[in-house]
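Asker:
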Amino acid sequence: IGPPKKVIGTNTIDSMQSGTVFGSAASIDGMLDRIEKELGSPATVIATGGMAMKIIPHCYRDIAYDENLLLRGLWLIWQKNLKT
5 IGPPKKVIGT NTIDSMQSGT VFGSAASIDG MLDRIEKELG SPATVIATGG
55 MAMKIIPHCY RDIAYDENLL LRGLWLIWQK NLKT
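The opening position of the sequence shown corresponds to residue 5 in our numbering, with each subsequent residue numbered one higher.
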């Protein structure tokens with residue numbers, strides 16, 4: 005799955021890809037707007053997962069990418085449990 009050349013698809017495949025990629029990017033941007041409004045301050049956002057690098061370039065927001073975020077978090081939990 006990748007982004008088509010245009011948002012408005014001219015065939016089924018382009019339309020499905022547009023909805024998946026651009027729709028996901030728009031959802032992320034929209035949720036960040038709402039979260040930041042509720043928090044009253046900017047949020048730091050880190051994306052991870054297999055599709056993240058196909059979606060975040062199409063977000064209007066600044067989003068960092070960490071392919072090892074989950075593993076890093078599990079390692080930190082393991083480290084904390086060693087100390088108890």
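Quick reminder that beta carbons are idealized off the backbone N, C-alpha and C, glycines included.
Given that a residue counts as buried once 16 or more other Cβ atoms are within 10 Å of its Cβ, and exposed if not, what is residue 29?
Answerer: Taking the first residue of the sequence shown as position 1, residue 29 is located at position 25. Classification for residue 29: buried.
Asker: Measuring straight from C-alpha to C-alpha, what distance separates residue 54 and residue 44?
Answerer: Translated into positions along the sequence shown, residue 54 becomes position 50. Translated into positions along the sequence shown, residue 44 becomes position 40. Roughly 31 Å separates the two Cα atoms.
Asker: Counting along the chain, where does the alpha helix (DSSP H) carrying residue 15 start and finish?
Answerer: What you label residue 15 is simply residue 11 of the sequence shown in a count that begins at 1. Neither: residue 15 is in no alpha helix (DSSP H) and is coded neither H nor E.
Asker: Is it the case that the Cβ atoms of residue 36 and residue 65 are separated by a distance below 9 Å?
Answerer: Indexing the sequence shown from 1 puts residue 36 at position 32. Indexing the sequence shown from 1 puts residue 65 at position 61. In contact: residue 36 and residue 65 (Cβ atoms closer than 9 Å).
Asker: Do residue 3 and residue 47 have their C-beta atoms within less than 9 Å of each other?
Answerer: Given a span of 5 to 88 for the chain in the structure shown, any question on residue 3 remains unanswerable.
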